[in-house]
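S.K.: Handing you a structure now.
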Amino acid sequence: MESGKKMIFNTNKWYNKAKRLEQLETHTRQTRTATFGFTAYAESDKIHRVNRHFNTIATRYDLMNTILSGGIHYAWKRRAVETLMIKPGKKILDVCGGTGDIACLSASRVGEKGVSIVYDINRKMMEQGKKKAMKGVTFVQGDAESISFPDNTFDAVSIGFGIRNVTHLETGFKEIFRVLKKGGTMCCLEFSKPDNPLFRSLYDWYSFRIMPVLGGLITGSKEAYTAFPETIRAFPLPEELCLILKKIGFKEINIKKLTNGIAVIHSAKK
Ligand SMILES: C[S@@+](CC[C@H](N)C(=O)[O-])C[C@H]1O[C@@H](n2cnc3c(N)ncnc32)[C@H](O)[C@@H]1O
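To convert a position in the sequence shown, counted from 1, into this note's numbering, add 120.
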């Protein structure tokens with residue numbers, strides 16, 4: 121972890137490159153450990169740890185997103201879905217789809233003849249989603265590391281704020297690539313490191329001093345909202361993710377930074 125000076129805004133916990141590399145699949149498989157936030161777990165335990173995290177917060181997940189982001193996450197999700205260039209009648213999959221916000225946006229674009237599927241490992245998250253989802257959204261439970269659909273099935277695949285949680289990041293993207301049709305589009309919306317150092321200091325202070333307190337008050341789990349900002353600081357930077365996508369075979373990869381880089385959309389084609 122990079123060290124910072126002792127002052128009120130001393131909350132700089134962004135991983136350096138070497139530590140970010142340790143989040144990737146090769147390191148995870150070699151060491152048989154996987155991290156969730158700054159805590160290391162046995163490789164096979166991370167999925168359960170992540171599931172517990174979302175079980176704890178599922179009923180308040182949407183509310184927390186709106187409070188913590190001031191509602192801006194809806195705009196980020198709209199921007200992500202725009203990059204998919206969805207046409208009526210198409211088949212769209214939203215991996216790690218949670219409560220279904222992104223799949224609802226896709227459903228409104230594919231219309232009645234299209235297909236929009238939320239694919240998530242956590243039943244509780246999807247149950248919350250079912251309560252609010254529009255007609256035309258289907259929920260399927262499963263692991264992003266072995267997507268239960270045949271090769272070349274979907275015209276577009278999205279993943280929003282999900283890949284950070286998947287134990288083997290590259291395997292997750294390989295699965296997305298596999299189920300995409302040739303020429304199909306992919307978008308990954310994920311948190312990242314703000315560009316402006318001053319803004320970043322404020323964001324760090326907010327993430328480590330305010331978020332856990334709000335999370336504790338609203339969801340009853342301060343721990344969940346301590347791990348959340350940690351996972352962001354351990355995640356590969358946009359250019360690093362770009363190289364991973366390229367290696368898997370994605371083409372025409374574009375990076376779009378949102379809100380000074382707090383969130384980033386990677387869009388690409390198979
Ligand atoms: C932060 S939420 C994002 C939900 C939604 N995409 C959104 O943007 O609001 C992450 C989701 O990823 C799901 N998830 C984590 N690991 C997964 C895995 N291995 N396979 C499928 N879903 C997973 C969690 O259950 C959770 O619903």
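All C-beta atoms, glycine included, are put in the ideal place defined by N, C-alpha and C.
#1: So what's Lys389 in DSSP terms, helix, strand or just coil?
#2: Check whether the Cβ of Tyr186 sits closer than 7 Å to any heavy atom of ligand 1, and report yes or no.
#3: Give the DSSP-derived three-state secondary structure of Asp182 in the structure shown.
#4: In whole angstroms, give me the CA-to-CA distance for Met306 and Thr203.
#5: Measuring CB to CB, does Val170 end up less than 8 Å from Asn285?
#6: How far does the beta strand (DSSP E) with Tyr326 in it extend, from its first residue to its last?
#7: With 16 other CB atoms within 10 Å as the buried threshold, where does His168 fall?
#8: Considering Cα atoms alone, identify which of Leu337, Thr379 and Thr258 is closest to Ser228.
#9: Could you spell out where the alpha helix (DSSP H) holding Ser226 opens and where it closes?
#10: Going along the chain, which unbroken runs of the beta strand (DSSP E) with 3 or more residues stay wholly within the region 262-308?
#11: Go through its chain and collect everything with a Cβ distance to Arg140's Cβ below 8 Å, but skip five positions before and after it.
#12: Mind checking whether the beta-carbon of Val170 lies closer than 7 Å to any heavy atom of ligand 1?
M.R.: The short version:
#1: If you number the sequence shown from 1, residue 389 lands on position 269. The answer is strand: DSSP assigns Lys389 an E or B state.
#2: Counting from one through the sequence shown, the residue named residue 186 turns up at place 66. As written in the sequence, residue 186 is Thr, which differs from the Tyr given in the question. Incorrect: Thr186 has no Cβ contact closer than 7 Å to ligand 1.
#3: The sequence position of residue 182 within the sequence shown is 62, counting from 1. Reduced to three states, the DSSP call for Asp182 is helix.
#4: On the sequence shown, residue 306 is found 186 positions in, with the first residue counted as 1. On the sequence shown, residue 203 is found 83 positions in, with the first residue counted as 1. When rounded, the distance between both Cα atoms is 8 Å.
#5: In the sequence shown, the residue the question calls residue 170 occupies position 50. In the sequence shown, the residue the question calls residue 285 occupies position 165. In this structure, Asn285 lies closer than 8 Å to Val170 by Cβ.
#6: As a position in the sequence shown, residue 326 is number 206, starting the count at 1. Unbroken run through Tyr326: none, as it is neither H nor E.
#7: Residue 168 sits at position 48 when you count from the first residue of the sequence shown. Burial call: exposed.
#8: Taking the sequence shown and counting its residues from 1, one reaches residue 228 at position 108. Nearest option by C-alpha distance: Thr258.
#9: On the sequence shown, residue 226 is found 106 positions in, with the first residue counted as 1. Asp221 to Val230 is the extent of the alpha helix (DSSP H) around Ser226.
#10: 274-280
#11: Counted from its first residue, the sequence shown places residue 140 at position 20. Only Ala354, Phe355, Pro356, Leu357 and Glu360 meet the Cβ criterion.
#12: Indexing the sequence shown from 1 puts residue 170 at position 50. Checking the Cβ of Val170 against ligand 1 gives yes.
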